[in-house]
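One structure below.
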Amino acid sequence: MHTTLKEFIDRNGGNGGKWEWDMYVEHTFVSFLDIPADQIAAFARFKPEQKLEKNGDSYTLTTIMPDQTKVLTFKNGVEFDEEVTAGRIAKTTFTFDGNTLTQVQKHTDGNVITQKREYFDDKLIVTLTRTNWDGIARRYYKV
Numbered sequence: 001m002h003t004t005l006k007e008f009i010d011r012n013g014g015n016g017g018k019w020e021w022d023m024y025v026e027h028t029f030v031s032f033l034d035i036p037a038d039q040i041a042a043f044a045r046f047k048p049e050q051k052l053e054k055n056g057d058s059y060t061l062t063t064i065m066p067d068q069t070k071v072l073t074f075k076n077g078v079e080f081d082e083e084v085t086a087g088r089i090a091k092t093t094f095t096f097d098g099n100t101l102t103q104v105q106k107h108t109d110g111n112v113i114t115q116k117r118e119y120f121d122d123k124l125i126v127t128l129t130r131t132n133w134d135g136i137a138r139r140y141y142k143v
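For the sequence shown, the numbering used here puts the final residue at 143, and the numbers step up evenly by one.
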């Protein structure tokens with residue numbers, strides 16, 4: 001499996017459109033991760049590229065951003081320590097179910113962030129939810 005997916009630009013995802021993404025970013029990165037507000041606007045606009053590769057019994061998910069590349073190598077259903085931001089570690093588990101890859105990040109303060117990636121022939125839909133926030137955010141990628 002080797003898929004490269006780029007984000008749809010300015011596409012409204014209905015219930016999970018841009019407004020929900022902006023609210024998710026504000027709530028998660030300002031109030032939860034304590035990232036300065038001046039960095040939030042840039043994050044909300046960034047359009048990363050994602051690549052998922054299979055390597056024997058493990059997978060590598062690469063997220064390419066303008067200023068950095070984040071590489072996560074994992075095994076299906078096996079929890080590992082993920083450095084989410086500098087010095088902030090979460091217990092992360094990826095699981096596959098059909099065309100869906102679900103990532104669950106459990107933070108030391110009890111917060112849980114879930115990213116559900118649904119892979120299709122021509123697109124990827126990422127749905128984000130988290131504890132202490134009632135919304136749903138979606139981002140859309142295309143091949």
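Ideal placement from N, C-alpha and C gives every residue a C-beta, glycine not left out. Just so you know, these numbers come straight off a predicted model, no measurement behind them.
Find the nearest neighbour of residue i within the set the options, judged by alpha-carbon distance.
i	options	result
D67	P48, F80, G77 and R88	P48
R139	R130, T131, K123 and W133	K123
L72	K51, N132, G135 and H107	K51
F120	Y141, T62, G56 and I136	Y141
T63	I136, D134 and V126	V126
H107	T93, G98 and D134	T93
Taking 8 Å as the threshold (C-beta atoms), are residue j and residue i in contact?
i	j	result
E79	K70	no
N111	T129	no
Less than 8 Å between the CB atoms is what I'm expecting for residue i and residue j, so what's the real figure, rounded?
i	j	result
T60	N76	Rounded, the Cβ-Cβ distance is 13 Å, inconsistent with contact.
Just to confirm my understanding: we take residue i, look at its own chain, exclude 5 residues before and 5 after, and list those with CB closer than 6 Å. What are they?
i	result
V84	A90
M1	Legend: pLDDT at M1 = 42, less than 50; position of this residue unreliable, value from coordinates given subsequently. The residues are K54.
D81	I89
G87	none
For residue i, which residues from the same chain have a beta carbon less than 7 Å from its beta carbon, with the 5 sequence-adjacent residues on both sides left out?
i	result
F74	S58, Y59, F80 and F94
Leaving aside the five residues before and after residue i along the sequence, list all residues of the same chain whose C-beta is less than 8 Å from its C-beta, in chain order.
i	result
G98	none
Quick test of the definition: if touching needs 3 or more C-beta pairs under 8 Å, does the region 116 to 126 touch the region 87 to 103? yes
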